[in-house]
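Counting along the sequence shown from 1, when you hit position 63 you're at 163 in my numbering, and nothing is skipped either side.
Note that beta-carbon positions come from the ideal geometry of N, C-alpha and C, so glycine has one too.
Model, not experiment: these values are computed from the prediction.
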Amino acid sequence: MTVHFIGAGPGAPDLLTLRGRDLIAACPVCLYAGSLVPEAILSHCPPGARIVNTAPLSLDEIMAEIADAHARGQDVARLHSGDL
């Protein structure tokens, strides 16, 4: 299980890097800060992915999402605004 931290760039889905797009498409769990990352970026998540808006969550709740994914052996895409 790997957590991939992916920068959403300036926010337009077509400006996301190819590597970022491919990582998002490969992860069954996608965590994003809804207050910072445009929902259009989520169109790259695979069908059936667990998509979680972390904006209202505490750090402990976010870490629990990651721990749950780890327990299931699932990779996580952690989407952030800007470039990382």
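Would you kindly report the start and end of the unbroken alpha helix (DSSP H) that includes residue i?
{"i": "Ala112", "result": "Neither: Ala112 is in no alpha helix (DSSP H) and is coded neither H nor E."}
{"i": "Ala258", "result": "Only positions 101 to 184 of the chain appear in this structure, which leaves residue 258 out of reach."}
Going by DSSP, which residues form a beta bridge with residue i?
{"i": "Ile151", "result": "Cys130"}
{"i": "Val103", "result": "Val176"}
Going by Cα to Cα distance, which pick from the options is closest to residue i?
{"i": "Val129", "options": "Ala164, Asp183 and Ser181", "result": "Ala164"}
{"i": "Leu179", "options": "Asp114, Ala167 and Ile151", "result": "Ile151"}
{"i": "Pro147", "options": "Ser158, Val137 and Cys127", "result": "Cys127"}
So, at 6 Å on beta carbons, what are the nonlocal neighbours of residue i in its own chain, with the 5 sequence-adjacent residues on each side left out?
{"i": "His144", "result": "Arg121, Ile124 and Ala125"}
{"i": "Leu136", "result": "Ser181"}
Over what stretch of residues does the beta strand (DSSP E) that includes residue i continue unbroken?
{"i": "Leu179", "result": "Val176 to His180"}
Which same chain residues, not among the five before or five after residue i, have their C-beta less than 7 Å away from its C-beta?
{"i": "Met101", "result": "Ala169, His170, Gly173, Gln174 and Asp175"}
Mapping DSSP to helix, strand and coil, what is residue i?
{"i": "Asp183", "result": "coil"}
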